[in-house]
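Residue numbers (numbering that gives the first Met the number 0), protein chains in the order written: chain U, 0 to 96; chain V, 0 to 96. Backbone N, C-alpha and C define an ideal beta-carbon position, used for all residues, glycine too. Given the structure is predicted, the values throughout are model-derived calculations rather than measurements.
Protein chains: 2
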Amino acid sequence: MIWTIIGVSAATLTMLSFIPQIMRSYKSKHVKDLSPVMLFQLSLGVSLWIVYGLHRRDPIIIGANSVTLLTLLVLMTMYFKYGRTENKGDGPIFPKK
Amino acid sequence: MIWTIIGVSAATLTMLSFIPQIMRSYKSKHVKDLSPVMLFQLSLGVSLWIVYGLHRRDPIIIGANSVTLLTLLVLMTMYFKYGRTENKGDGPIFPKK
Chain U
0 MIWTIIGVSA
10 ATLTMLSFIP
20 QIMRSYKSKH
30 VKDLSPVMLF
40 QLSLGVSLWI
50 VYGLHRRDPI
60 IIGANSVTLL
70 TLLVLMTMYF
80 KYGRTENKGD
90 GPIFPKK
Chain V
0 MIWTIIGVSA
10 ATLTMLSFIP
20 QIMRSYKSKH
30 VKDLSPVMLF
40 QLSLGVSLWI
50 VYGLHRRDPI
60 IIGANSVTLL
70 TLLVLMTMYF
80 KYGRTENKGD
90 GPIFPKK
């Protein structure tokens, strides 16, 4: 029982980990410190987890990674929406020292 | 064989997903758009995965989540190091419209 709680807590925390990032980016409208490579790499990774879960017919792998993929798609949409405009007057992404 | 490749690729991509973020933050020295709640929530989540993996004696769960935890600890250290100084003159984290 205790181990089930630990497993479910671990899965829930990691599955929903991008919700705080979505909330912060939504409030600040600033995303330039986020790595788009990280977002893309994670999306590709969890997509492959979903494919693997479908093969294994494992609803936990499919479900958890689908939720994460959904939050990553929201975050990537915000990245491109806010990132397109925010550097006008904010200086370069990699400022000189 | 193909399913093993898909599974290993999925695990590798997600396990190493914070490396691009570490590289970007290291280059730019800017972290204010990152959510510290996300970093903390993920660290707690993968820590519980490690505990769960130890209970299940599953070296894959233990190994993959240990690597992710290590990268998250590096990123959190950078967050506090760069975050402490970067807002001097850069404006507030949540600027007025």
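For residue i, three-class secondary structure by DSSP
i            : result
residue 16/U : coil
residue 0/V  : coil
residue 31/V : coil
residue 61/U : helix
Residue i versus the options, residue with shortest Cα-Cα distance
i            : options               : result
residue 79/U : 64/U, 57/U, 24/U, 3/U : 24/U
residue 70/U : 22/U, 1/U, 4/U        : 22/U
residue 34/U : 65/V, 83/V, 28/V      : 28/V
residue 50/V : 3/V, 74/V, 84/V, 61/V : 61/V
Proximal residues of chain U, C-beta to C-beta of residue i below 9 Å
i            : result
residue 31/V : 27, 29, 32
Endpoints, alpha helix (DSSP H) assigned at residue i
i            : result
residue 84/V : Neither: residue 84/V is in no alpha helix (DSSP H) and is coded neither H nor E.
residue 54/V : 35 to 55
Per-residue burial, residue i [other beta carbons within 10 Å of its own, 16 or more giving buried]
i            : result
residue 9/U  : buried
residue 7/U  : exposed
residue 26/V : exposed
Under 7 Å by beta carbon: chain V residues contacting residue i
i            : result
residue 37/U : 16, 17, 19, 20
Where residue i meets chain V, residues with beta-carbon distance less than 9 Å
i            : result
residue 62/U : Going along chain V, no residue has its Cβ under 9 Å from residue 62/U, so there is no contact; the nearest lies around 15 Å.
Chain U residues whose Cβ lies nearer than 7 Å to that of residue i
i            : result
residue 43/V : 12
residue 23/V : 34
Under 8 Å from the C-beta of residue i: neighbouring residues of chain V
i           : result
residue 5/U : 47, 50, 51, 54
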